[in-house]
Amino acid sequence: DSQRVRFARLLARVSAAMVTSAASPGAASLLASADRRHADTAVEWVSRAVAAFGPQNVRSTVLNQVGLCAALFLAGEPDQAITVGTTVIDHAHQLTSQRVLDRIRNLHRDLTGYVGRSDVADFSRVVSSVAATKPDPDR
17 DSQRVRFARL LARVSAAMVT SAASPGAASL LASADRRHAD TAVEWVSRAV
67 AAFGPQNVRS TVLNQVGLCA ALFLAGEPDQ AITVGTTVID HAHQLTSQRV
117 LDRIRNLHRD LTGYVGRSDV ADFSRVVSSV AATKPDPDR
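Be aware that the sequence shown starts at 17, since it is given in the working numbering, and climbs by one per residue.
Dropping the structure here:
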C-alpha cells in the first residue's frame with residue numbers, strides 16, 4: 017500500500033543520512049516524524065548531538081535543537097519541547113540562516129497534537145512569526 021511505500025522511502029533516506037552523519041540527529045527526527053514509536057530514540061540521539069557541539073558551532077547547535085524540540089513534541093513531552101523551542105527562537109534571532117528558519121517553520125507539523133493547549137498555541141504563534149521573517153544578511 018502507499019503508506020508502506022512512503023515509509024520504505026523514508027527509511028532509505030534515513031539510512032543514507034545515518035551513513036553520512038556520525039550523530040544522525042536529522043535522521044532520528046525524520047524517523048520519529050514518520051513513526052512516533054521512534055520519538056524517544058530521536059530525543060536521545062538529538063540530545064547527544066546538541067551536547068557534542070561547542071560554542072563555536074552556534075548554527076549547528078540551533079539546527080539540532082530544532083530537531084530536539086520536534087522530537088520532544090513527538091515523544092509526548094510538550095513542556096520540554098516548549099522550553100527547548102524557546103531557546104531556539106532566542107538564538108534564531110541572532111542567525112542569518114534560511115535553513116534555521118525553514119526548520120523552525122517545520123515545527124508546526126510536530127506540535128499539532130497539542131494545539132489545544134494554550135502554551136502550545138502561544139508557541140505556535142511565535143514559531144509562525146519567526147518563520148515568516150527573512151534572514152538579515154547584514155548581521
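Glycine residues also receive a C-beta, built at the ideal position from the N, C-alpha and C atoms.
This one's a predicted model, so the numbers in the text were calculated from it and none came from an experiment.
Under three-state DSSP, which class holds residue i?
i	result
residue 79	helix
residue 71	coil
residue 111	coil
residue 123	coil
residue 133	coil
residue 55	helix
Which one of the options has the shortest CA to CA distance from residue i?
i	options	result
residue 138	97, 63 and 88	97
residue 128	111, 81 and 87	87
residue 94	59, 18 and 144	59
residue 147	68, 133, 123 and 130	123
residue 81	115, 72 and 103	103
Quick check: residue i and residue j, are their CB atoms within less than 8 Å of each other?
i	j	result
residue 135	residue 90	no
residue 62	residue 107	no
residue 66	residue 77	yes
residue 117	residue 149	yes
In its own chain, which residues sit with a C-beta less than 7 Å from the C-beta of residue i, not counting the 5 before and 5 after it?
i	result
residue 142	105
residue 144	none
residue 55	48, 87, 90 and 91
Under 6 Å Cβ to Cβ from residue i, same chain only, skipping five residues before and after it: list those, please.
i	result
residue 39	In this predicted model, residue 39 has a pLDDT of only 44, less than 50, meaning its place in the structure is not dependable; the value taken from the coordinates is given anyway. So the list reads 65, once near-sequence residues are dropped.
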